[in-house]
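In order, the protein sequences belong to chains A and B. Counting from 1 along the first sequence, just add 4 to a position and that's the residue number in our numbering. Counting from 1 along the second sequence, just add 90 to a position and that's the residue number in our numbering.
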Amino acid sequence: MNLLGLVNYWAFIILMMIGLYILLSRGNLIKKMVGLSVFQTAVFIMYISMGKVQGGTAPILMNGDVAYSNPLPHVLILTAIVVGVATTAVGLSLIVRIHEAYGTIEEDEIQIEDFGT
Amino acid sequence: MLVLTALALLKLNNLFAVAMLAGIYSLLSAALFTVMDAVDVAFTEAAVGAGISTVLMLGCIALVGQTSKQPPKPAFLPLFVVFVTGGMLVYGTLDIPPYGDPDNPVHHHVADYYLEDSSHDIGIPNVVTSVLASYRGYDTMGETTVIFAAMVGVLLLLVQSPRRRGSYKDSSLKSSYHNSSDNHSMHSTSEDDSYPGDN
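1) Should the stretch 56-63 of chain A be regarded as contacting the stretch 125-138 of chain B, the criterion being three or more beta carbon pairs within less than 8 Å?
2) Between which two residues does the alpha helix (DSSP H) containing B:Glu135 stretch?
3) Are the C-beta of B:Leu205 and some C-beta of chain A separated by less than 7 Å?
4) Which word fits A:Ala71, buried or exposed, when buried means at least 16 other C-beta atoms lie within 10 angstroms of its C-beta?
5) Where does B:Ser266 fall in DSSP's three states?
6) Check the Cβ of A:Asn32 against every Cβ in chain B and list those closer than 7 Å, keeping chain order.
7) Residues in its own chain within less than 6 Å of B:Gly213 by CB, not counting five upstream and five downstream?
8) Between A:Val38, A:Ile34, A:Ser53 and A:Phe119, which has its C-alpha nearest B:Val154's C-alpha?
9) Can you tell me which of the three DSSP states A:Thr108 falls into?
10) Let me confirm a value: B:Phe123 is counted as buried when at least 16 other C-beta atoms fall within 10 Å, else exposed. Which label applies?
11) So does the stretch 91-100 of chain B actually touch the stretch 164-179 of chain B, counting three or more Cβ pairs closer than 8 Å?
12) Would you report the Cα separation of A:His103 and A:Ile109, rounded to the nearest angstrom?
13) Quick one: using the 10 Å Cβ neighbour count with 16 as the cut-off for buried, is B:Thr235 buried or exposed?
14) Taking DSSP as the reference, what is the three-state secondary structure of B:Asn216?
15) Along chain B, in chain order, which residues have C-beta atoms closer than 8 Å to that of A:Val47?
16) In its own chain, which residues sit with a C-beta less than 6 Å from the C-beta of B:Val221, not counting the 5 before and 5 after it?
17) Less than 7 Å between the C-beta atoms of B:Val132 and A:Leu76, yes or no?
18) Might you give, ordered along the chain, the residues of its own chain that have their beta carbon closer than 6 Å to the beta carbon of B:Gly139, omitting 5 neighbours on each side?
19) Would you say B:Tyr228 lies against chain A (beta-carbon separation less than 7 Å)?
20) When we look at the beta-carbon of A:Asn67 and count the other beta-carbons within 10 Å, is it buried (16 or more) or exposed?
21) Please state if the CB of A:Val79 and the CB of B:Val218 are separated by a distance shorter than 7 Å.
22) Which chain A residues are close to B:His197, counting only those with a beta carbon under 7 Å from its beta carbon?
23) Please list, in chain order, the residues of the stretch 112-132 of chain B that have any C-beta partner in chain A closer than 8 Å.
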């Protein structure tokens with residue numbers, strides 16, 4: 005088995021783990037959004053690395069016999085990036101709204117205001 | 091580099107620095123996309139990920155304040171969850187075909203067709219564009235719908251009349267939740283504030 009060929013997936017897994025850890029362990033809502041975007045980018049890197057062909061070039065057609073990388077993951081990730089920014093925008097505006105209502109964006113303080121514990 | 095930036099994101103508590111580092115992280119990943127032949131994705135990531143989302147985040151920080159609390163103690167449950175997930179994913183990669191091999195199954199379904207026939211079908215050299223706008227045009231339409239919905243959501247959340255905002259602060263959520271003794275006075279304010287669209 006060629007373990008060296010799997011290094012790109014492991015890099016993506018490490019990035020994804022960091023993103024997930026930020027998301028789970030930090031109470032600040034903005035840091036949670038940042039963790040989510042780190043996670044997202046890790047998934048993008050996984051898809052793009054799947055589309056790469058060794059010795060290939062960007063999928064823009066040229067004359068002659070050239071190997072191209074797979075264009076399909078690129079298309080999917082283009083869509084995903086834009087949708088990701090849209091969700092980030094909604095999340096950030098929710099944070100602004102929460103700050104208006106509670107005066108804080110720390111999760112534990114919001115919990116204290118809600119339940120008094 | 092990407093991993094270092096992500097670790098710095100984990101450690102930092104100044105939200106301004108976090109926003110800037112998130113931009114740097116996006117830009118680095120855009121460079122990585124270029125290395126992996128995805129030039130269109132790199133454009134988009136650099137413009138949208140590093141540009142627009144940094145601006146959004148800075149705007150949010152300007153409204154909300156800059157510092158984040160230090161977490162009280164290292165959290166072990168999240169760490170456990172993260173390592174279990176990571177371990178399972180590493181186990182899953184053992185069956186995946188290696189990086190960059192042209193014989194991988196990903197490269198042999200519709201990708202061949204797109205590469206061979208798109209210049210004849212569509213007539214533009216950039217295959218990513220022709221797939222995005224033509225073969226998978228419905229995806230792009232759905233994407234536009236998502237963006238529209240997100241925009242409506244943001245507007246509904248952030249834009250409100252000053253009058254409603256005032257009444258919201260009077261009878262804010264938290265005090266209505268606990269202080270049942272305050273209920274009477276709050277009731278009267280909300281009656282005073284009734285606006286036309288209410289009934």
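From the three backbone atoms N, C-alpha and C, an ideal C-beta is built for every residue, glycine too. Since the model is a prediction, treat every value here as computed from it, not as a measurement.
According to the structure data:
1) Contact holds: three or more Cβ-Cβ distances are below 8 Å.
2) The residue labelled residue 135 of chain B in the question sits at position 45 within the second sequence. Run containing B:Glu135: none; DSSP gives neither H nor E here.
3) Start at 1 with the first residue of the second sequence, and residue 205 of chain B comes out as number 115. Taking Cβ atoms only, chain A reaches closer than 7 Å to B:Leu205, which makes this a yes.
4) Indexing the first sequence from 1 puts residue 71 of chain A at position 67. By the Cβ-count criterion, A:Ala71 is exposed, with fewer than 16 other Cβ atoms from all chains shown falling within 10 Å of its own Cβ.
5) Against the second sequence, residue 266 of chain B aligns to sequence position 176. For B:Ser266, the predicted structure reports a pLDDT of 42, less than 50, and the residue's modelled location is therefore unreliable. A value from the coordinates is still provided. In the three-state DSSP reduction, B:Ser266 falls in the helix class (H, G or I).
6) Locating residue 32 of chain A in the first sequence gives position 28, counting from the first residue. Per Cβ cutoff of 7 Å: Ser158 and Lys159.
7) Working through the second sequence from its first residue, we reach residue 213 of chain B at position 123. There are no such residues.
8) On the second sequence, residue 154 of chain B is found 64 positions in, with the first residue counted as 1. Among A:Val38, A:Ile34, A:Ser53 and A:Phe119, the Cα nearest to that of B:Val154 belongs to A:Ile34.
9) Against the first sequence, residue 108 of chain A aligns to sequence position 104. In the three-state reduction of the DSSP assignment, A:Thr108 falls in the coil class, being assigned neither a helical nor a strand state.
10) Numbered from 1 along the second sequence, position 33 holds the residue referred to as residue 123 of chain B. Buried, by the Cβ-count rule.
11) Touching, no, given that fewer than three Cβ pairs across the two stretches are closer than 8 Å.
12) As a working mapping, residue 103 of chain A is identified with position 99 in the first sequence. As a working mapping, residue 109 of chain A is identified with position 105 in the first sequence. About 6 Å.
13) Locating residue 235 of chain B in the second sequence gives position 145, counting from the first residue. It counts as exposed.
14) Here residue 216 of chain B corresponds to residue number 126 of the second sequence, with the count starting at 1. DSSP, read as helix, strand or coil, puts B:Asn216 in strand.
15) Start at 1 with the first residue of the first sequence, and residue 47 of chain A comes out as number 43. In chain order: nothing, as chain B lies at least about 11 Å away.
16) Translated into positions along the second sequence, residue 221 of chain B becomes position 131. Short of 6 Å from the beta carbon of B:Val221, and not among the five residues preceding or following it, lie these beta carbons of its own chain, in chain order: Tyr204.
17) On the second sequence, residue 132 of chain B is found 42 positions in, with the first residue counted as 1. On the first sequence, residue 76 of chain A is found 72 positions in, with the first residue counted as 1. Residue 132 of chain B is actually Ala in this sequence, not Val. Going by C-beta atoms, B:Ala132 is not nearer than 7 Å to A:Leu76.
18) Against the second sequence, residue 139 of chain B aligns to sequence position 49. The answer, listed in chain order, is Ser116.
19) Mapped onto the second sequence, residue 228 of chain B falls at position 138. Cβ-Cβ to chain A under 7 Å: no for B:Tyr228.
20) Numbered from its first residue, the first sequence carries residue 67 of chain A at position 63. That one is exposed.
21) For this step, residue 218 of chain B is matched to residue 128 along the second sequence. For this step, residue 79 of chain A is matched to residue 75 along the first sequence. Result yes, Cβ atoms of B:Val218 and A:Val79 sit closer than 7 Å.
22) Counting from 1 along the second sequence, the entry for residue 197 of chain B is found at position 107. Near B:His197 (Cβ distances below 7 Å), the residues of chain A are Val57 and Asn74.
23) Flagged, chain order: Ala112, Tyr115, Ser116, Ser119, Leu122, Phe123, Met126, Asp127, Ala128, Val129, Asp130 and Val131.
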